[in-house]
Ligand SMILES: [Mn+2]
């Protein structure tokens, strides 16, 4: 797979821009997070799209957008029969289909090097465990295959290896043995070496970081203890009989809040009912994230990403993977709690308030109807939806504690045409003595309410010059 990844990397480098297409589940979002950051790293312009599945309608739309090169991650191998008209590389772990029209024709490009008749052959450049006799369900995930390509691009990108672990855990590749296996262990070694993952031996129940312990135990399907599993009273009693406080002050205690001695006692008590190997295993921590949050443990991180994908907001998960610990994370937490409403309502509010058009920009002022901490991300999600003009950046305004928060969002196409929102914000901050900053594609500032109109005029003027 290393060889395949090298070939994929050198093909990527030859392109001048590309589109990443990934699956909407945790593995797919992690894969896109790796691929997108890898392309950022080498300065490659790209766009990320997500798909529930690849069908002809989706592919035809993709072809119509005339991408120079497409990088499929966590999907593609099962669809090569409909990808002939695209120049693409594929990093995927799903079972490949025959792409040569039924009978095994000699591949035009590569991957017949195994000389094994049971191995599939393909016309496509694919990094996929099935081509090298490995198993796609346990040995490596879609994120893992994308990671191999990233690592081949630049060894420094091993710093992204934690996302390959999140993807693998998201696809439950640690289930069979209670720990990762196969190529995933090589990736784990990278991640531990780079300090982005810490593997520990612990209970592998879901919710170690964020669920009250009694809830964690109640829902621990691995256990099936009569009177505890699926029984919140019984679960609470279990801890109380051991003399373990369920609360500290006002707050429920999660597993990570317990003392080592308490954990030991609980494990021993559980072991009385169920063999320890059923509920103990390797747990993957992300030491760079805050303890007691969804991001601090791979399984909870993956669940957070799945929540985003489930609500057609994979792009929010992508932003979290790429390091957004502000708006995107806030929205992702909302989705995780099932508050899809927050996102859907926010989009509705923006539509009902109406998008105002100026010559070079568009804006929407939501007052206090949408929190200033999410308004920009929501506005950015309107691009491509037909609800706003894709040819102009959007500025979303919301009331904040210290004034009016203005969040600007653009698109790849606009950046290529010269848009730089961080520059807009920099000049605005200078003129209005506000606060702000950001990137070319997403930036924000806070100004006094009476300055809003002047801000918009200035932004319109600057953007007009940038796009001229
Ligand atoms: Mn997958």
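Residue numbers (the numbering used here): 158 to 625. Beta carbons are placed, not taken as given, at the ideal position from N, Cα and C, and that holds for glycine. Fair warning: this is a prediction, and the values are worked out from it, not measured in the lab.
Exercise. Note down, in chain order, each residue of its chain lying with its Cβ closer than 6 angstroms to the Cβ of residue 235, except the 5 sequence neighbours on either side.
Key: Taking the chain shown and counting its residues from 1, the one referred to as residue 235 is at position 78. The residues are 251, 254.
Practice problem: State the Cα-Cα distance for the pair residue 319 and residue 229, rounded to the nearest angstrom. | Solution: Position 162 of the chain shown, counting from 1, holds the residue named residue 319. Position 72 of the chain shown, counting from 1, holds the residue named residue 229. Roughly 20 angstroms separates the two Cα atoms.
Quiz item: Hey, is the segment 590 to 598 in contact with the segment 568 to 575, meaning 3+ C-beta pairs nearer than 8 angstroms?
Solution: yes
Quiz prompt | Rounded separation between residue 101 and residue 303 - CA only | solution = Outside the shown range of the chain (158 to 625) lies residue 101, about which nothing can therefore be said.
Self-check item: Close-in-space but distant-in-sequence residues of the same chain around residue 540 (CB under 6 angstroms, 5 per side omitted)
Solution: For this step, residue 540 is matched to residue 383 along the chain shown. The answer, listed in chain order, is 547, 568.
Self-check item: Extent of the continuous alpha helix (DSSP H) to which residue 412 belongs
Solution: Locating residue 412 in the chain shown gives position 255, where the first residue counts as 1. That residue, residue 412, is in no alpha helix (DSSP H); it is neither H nor E in DSSP.
Practice problem: Run through the segment 307 to 392 for me and flag every whole alpha helix (DSSP H) of 4 or more residues, listed as ranges in chain order. | Solution: 318 to 327, 340 to 350, 370 to 375
Quiz item: Around the C-beta of residue 375, are 16 or more other C-beta atoms found within 10 angstroms, so that it is buried, or is it exposed?
Solution: The residue labelled residue 375 in the question sits at position 218 within the chain shown. Flag for residue 375 reads buried.
Self-check item: Local conformation of residue 605 per DSSP, three classes
Solution: By 1-based counting over the chain shown, the position of residue 605 is 448. It is coil, neither helix nor strand.
Quiz item: Taking residue 372 as the reference, which of 383, 422, 391 has the closest Cα?
Solution: Working through the chain shown from its first residue, we reach residue 372 at position 215. Of the listed residues, the one whose Cα sits closest to residue 372 is 391.
Quiz item: Thinking C-beta only, is residue 581 closer than 8 angstroms to residue 554?
Solution: Here residue 554 is taken as the residue at index 397 of the chain shown, counted from 1. Here residue 581 is taken as the residue at index 424 of the chain shown, counted from 1. The answer is no: Cβ separation not under 8 angstroms.
Quiz item: If we call anything under 8 angstroms between Cβ atoms a contact, is residue 166 one with residue 306?
Solution: Looking up residue 166 in the chain shown gives position 9. Looking up residue 306 in the chain shown gives position 149. Taking 8 angstroms as the Cβ cut-off, residue 166 and residue 306 qualify as a contacting pair.
Self-check item: residue 324 versus residue 466 - alpha carbon distance
Solution: Translated into positions along the chain shown, residue 324 becomes position 167. Translated into positions along the chain shown, residue 466 becomes position 309. Approximately 13 angstroms, taken between the alpha carbons.
Quiz item: Any idea what DSSP makes of residue 173, helix, strand or coil?
Solution: Taking the chain shown and counting its residues from 1, the one referred to as residue 173 is at position 16. In the structure shown, residue 173 sits in coil (DSSP, three-state: anything other than H, G, I, E or B).
Quiz item: Does ligand 1 have a heavy atom nearer than 7 angstroms to the CB of residue 292?
Solution: Translated into the one-based positions of the chain shown, residue 292 becomes position 135. Not under cutoff, so the answer is no.
Quiz item: What residues in its chain sit with their C-beta under 7 angstroms from that of residue 623, if we drop five residues either side in the sequence?
Solution: Your numbering for residue 623 matches position 466 in the chain shown. Closer than 7 angstroms at Cβ, skipping near neighbours: 575, 576, 577.
Exercise. Verify the contact flag: residue 180, CB atom, against every heavy atom of ligand 1, threshold strictly below 7 angstroms.
Key: Along the chain shown, read from residue 1 onward, the residue named residue 180 stands at position 23. Result yes, Cβ under 7 angstroms from ligand 1.
Quiz item: Tell me which same chain residues have a C-beta within less than 6 angstroms of the C-beta of residue 476, skipping the five on either side of it?
Solution: On the chain shown, residue 476 is found 319 positions in, with the first residue counted as 1. Excluding sequence neighbours, residue 476 sits near 485.
Quiz item: Hey, residue 243 and residue 211 are a contact pair by Cβ (cut 8 angstroms); roughly how many whole angstroms apart?
Solution: On the chain shown, position 86 is the one that residue 243 refers to. On the chain shown, position 54 is the one that residue 211 refers to. Contact flag wrong, Cβ pair sits at about 11 angstroms.
Quiz item: Which residue's Cα is closest to the Cα of residue 217: 402, 225, 239?
Solution: Here the question's residue 217 lines up with position 60 in the chain shown. Out of 402, 225, 239, 239 has the C-alpha closest to the C-alpha of residue 217.
Exercise. Classify residue 623 as helix, strand or coil using the three-state DSSP reduction.
Key: In the chain shown, the residue the question calls residue 623 occupies position 466. Note: residue 623 maps to helix in three-state DSSP.
Quiz item: What whole-angstrom Cβ distance do residue 339 and residue 184 have, given they're in contact under 8 angstroms?
Solution: Numbered from 1 along the chain shown, position 182 holds the residue referred to as residue 339. Numbered from 1 along the chain shown, position 27 holds the residue referred to as residue 184. Not quite, the Cβ-Cβ distance comes to about 15 angstroms (not below 8 angstroms), so this is no contact.
Quiz item: Cβ-heavy atom distance between residue 234 and ligand 1 below 7 angstroms?
Solution: On the chain shown, residue 234 is found 77 positions in, with the first residue counted as 1. It does not: the Cβ of residue 234 is nowhere closer than 7 angstroms to a heavy atom of ligand 1.
Self-check item: Candidates 527, 494, 491: closest to residue 503 by CA position
Solution: As a first step, residue 503 must be located in the chain shown, where it is residue number 346. Residue 527 is the option with its Cα nearest to residue 503.
Quiz prompt | Cross-strand partners of residue 437 (DSSP beta bridge) | solution = If you number the chain shown from 1, residue 437 lands on position 280. Answer by DSSP bridge pairing, in chain order: 360.
Practice problem: State the DSSP-derived secondary structure class of residue 269, mapped to helix, strand or coil. | Solution: Position 112 of the chain shown, counted from the first residue, corresponds to residue 269. Bear in mind that a pLDDT of 44 at residue 269, under 50, signals an unreliable position, so the model cannot answer this.
Quiz prompt | Exposure of residue 180, with buried meaning 16 or more beta-carbon neighbours within 10 Å | solution = The sequence position of residue 180 within the chain shown is 23, counting from 1. Looking at its Cβ environment, which holds 16 or more other Cβ atoms inside 10 Å, residue 180 is buried.
Quiz item: Is residue 299 near ligand 1, in the sense that its beta carbon is under 7 angstroms from a heavy atom of that ligand?
Solution: In the chain shown, the residue the question calls residue 299 occupies position 142. The answer is yes for residue 299.
Self-check item: Extent of the continuous beta strand (DSSP E) to which residue 557 belongs
Solution: By one-based count along the chain shown, residue 557 stands at place 400. 551 to 557 is the extent of the beta strand (DSSP E) around residue 557.
Quiz item: Thinking just about the alpha-carbon of each residue, which of 287, 458, 384, 415 is nearest to the one in residue 326?
Solution: Locating residue 326 in the chain shown gives position 169, counting from the first residue. Looking at the Cα atoms, 458 is the closest of the given residues.
Quiz item: Pick from 594, 590, 617: whose alpha carbon is nearest that of residue 607?
Solution: As a working mapping, residue 607 is identified with position 450 in the chain shown. Of 594, 590, 617, the residue nearest in Cα terms is 590.
Quiz item: Got a sec, what are the start and stop residues for the alpha helix (DSSP H) residue 458 sits in?
Solution: Within the chain shown, numbered from 1, the residue matching residue 458 stands at position 301. Taken as a continuous stretch (DSSP letters only), the alpha helix (DSSP H) holding residue 458 covers 455 to 467.
Quiz prompt | One or two residues paired with residue 520 in a DSSP bridge | solution = On the chain shown, residue 520 is found 363 positions in, with the first residue counted as 1. In DSSP, residue 520 forms a bridge with 513, 552.
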